[in-house]
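Chains as they are written, first to last, in the working numbering: chain W, 19 to 175; chain V, 19 to 175.
2 protein chains.
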Amino acid sequence: MKLSRAMLATTALFGSLALADAAREVEILRRAHSVPRIAPSENFTGTVRLGSQFRRDAPSRLSGALVSFDAGARTHWHTHPLGQTLIVTAGAGFVQRWGGVREIIRAGDIVWTPPGVKHWHGAGPSEGMSHVALVETRDGESVAWMEKVSDGQYEGR
Amino acid sequence: MKLSRAMLATTALFGSLALADAAREVEILRRAHSVPRIAPSENFTGTVRLGSQFRRDAPSRLSGALVSFDAGARTHWHTHPLGQTLIVTAGAGFVQRWGGVREIIRAGDIVWTPPGVKHWHGAGPSEGMSHVALVETRDGESVAWMEKVSDGQYEGR
Numbered sequence: 019m020k021l022s023r024a025m026l027a028t029t030a031l032f033g034s035l036a037l038a039d040a041a042r043e044v045e046i047l048r049r050a051h052s053v054p055r056i057a058p059s060e061n062f063t064g065t066v067r068l069g070s071q072f073r074r075d076a077p078s079r080l081s082g083a084l085v086s087f088d089a090g091a092r093t094h095w096h097t098h099p100l101g102q103t104l105i106v107t108a109g110a111g112f113v114q115r116w117g118g119v120r121e122i123i124r125a126g127d128i129v130w131t132p133p134g135v136k137h138w139h140g141a142g143p144s145e146g147m148s149h150v151a152l153v154e155t156r157d158g159e160s161v162a163w164m165e166k167v168s169d170g171q172y173e174g175r
Numbered sequence: 019m020k021l022s023r024a025m026l027a028t029t030a031l032f033g034s035l036a037l038a039d040a041a042r043e044v045e046i047l048r049r050a051h052s053v054p055r056i057a058p059s060e061n062f063t064g065t066v067r068l069g070s071q072f073r074r075d076a077p078s079r080l081s082g083a084l085v086s087f088d089a090g091a092r093t094h095w096h097t098h099p100l101g102q103t104l105i106v107t108a109g110a111g112f113v114q115r116w117g118g119v120r121e122i123i124r125a126g127d128i129v130w131t132p133p134g135v136k137h138w139h140g141a142g143p144s145e146g147m148s149h150v151a152l153v154e155t156r157d158g159e160s161v162a163w164m165e166k167v168s169d170g171q172y173e174g175r
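If you want it as structure tokens, here you go:
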């Protein structure tokens, strides 16, 4: 009986240590191991790939992904409760807020859309565009999806 | 007098609108306009450049920068209160937590260091490395700097 209690105590101890250790490890998401998936057509127009997705545990609120748009592809209109940062990594494309003009974005540009601002982003008409997308989660939510960006809106008409 | 009050009211009104509009604008930090600065030698070893720095307003907590390390350059040991995400954008280098081994990181890899974990990162011995560094601020703080990474530590001895 004494031994059994000692074993249980040992198991509990090592269990806790394992959890504590996991929270203290550096984690590396290897590009070589990331298999992109096609973004869902209910929120995107054209071919868009999502890769290297990550979501941090609390107390962090950060999540992100590498998003690659084929020429002409774009998000639907949407908002983010705590805003969104885009870091353009390749190609060129557009970002536009509701009521604003399309702005051209290029590799190396960093885009900030404040909380609650309705907007879309995507590739140029004849060139793909990739960006890292970074959002913070509030109450489990990081995006509210809206209607499609029409061809007229996409073309700036 | 009536006119003067009306003018004041108008100024107050447009002042508020300007503020409200600023919070609703998409902001683009252009790579072409970013002038990198040399990172301070009290926190870094070797030549390190900081560019495209950004810091979001509350309720967001995100801040970040593009950090470029010449071959052999690295941070000092440090921790982040809410952790840190690195997105390697060019070259190859190392990340190491206190008590762990040096891990090689390459363009496209995404590194997570949990809150409070003492670590360093930097370029390889014969190749530069650039990464986007992302942190969240807690009580105005996003990093606690510690001692230099010695040549022996850097070389994995």
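Where is the CB? At the ideal position from N, CA and C, for every residue including glycine.
Neighbour flag for residue i against chain W, beta carbons, 8 Å
i, result
"D169(V)", "no"
"F62(V)", "no"
"V85(V)", "no"
"L100(V)", "yes"
"G158(V)", "no"
"D127(V)", "yes"
Proximal residues of chain V, C-beta to C-beta of residue i below 7 Å
i, result
"P143(W)", "Residues of chain V passing the Cβ test: none, with the nearest at roughly 19 Å."
Contact list for residue i against chain V, beta-carbon separation under 8 Å
i, result
"T103(W)", "F72, R74, L80, G82"
"W163(W)", "In chain order: nothing, as chain V lies at least about 18 Å away."
"V150(W)", "I105, V150"
"V113(W)", "V44, I46"
"G118(W)", "E43, V44"
Distance, residue j Cα to residue i Cα
i, j, result
"Q114(V)", "A50(V)", "32 Å"
"D88(V)", "V85(W)", "28 Å"
"L152(V)", "S168(V)", "25 Å"
"A91(W)", "T155(W)", "25 Å"
"G64(W)", "G140(W)", "10 Å"
"Y172(V)", "P99(W)", "41 Å"
Nearest residue (CA-CA) to residue i, options the options
i, options, result
"T103(V)", "H137(V), M164(V), I128(V)", "I128(V)"
"G6(W)", "L152(W), G142(W), A151(W), V150(W)", "This structure cannot settle anything about residue 6(W), because the visible part of chain W is limited to 19 through 175."
"K166(V)", "F62(V), G117(V), E159(V)", "F62(V)"
"M147(W)", "T93(W), E173(W), P133(W), W130(W)", "T93(W)"
"P133(W)", "E159(W), R120(W), V53(W)", "E159(W)"
"R74(V)", "L47(V), T107(V), P54(V), V119(V)", "L47(V)"
"E45(V)", "H139(W), V150(W), A125(W), T131(W)", "T131(W)"
"P77(W)", "G117(V), A83(V), G101(V)", "G101(V)"
"H149(W)", "G111(W), W138(W), V106(W)", "V106(W)"
Any chain V beta carbon closer than 8 Å to residue i
i, result
"E154(W)", "yes"
"T202(W)", "It is not possible to answer for residue 202(W), since the shown part of chain W is limited to 19 through 175."
"V53(W)", "no"
"I56(W)", "no"
"T29(W)", "Because the pLDDT at T29(W) is just 46, under 50, the model does not fix this residue reliably, and the point stays unresolved."
Bridge-paired residues (DSSP) for residue i
i, result
"H137(V)", "H96(V), R115(V)"
"E154(W)", "L80(W)"
"E159(W)", "R156(W)"
"V85(W)", "L68(W), H149(W)"
"A110(W)", "R124(W)"
"Q102(V)", "T131(V), V153(V)"
"R73(V)", "S81(V)"
Neighbouring residues, chain W, relative to residue i (Cβ below 7 Å)
i, result
"H137(V)", "V44"
"T131(V)", "V44"
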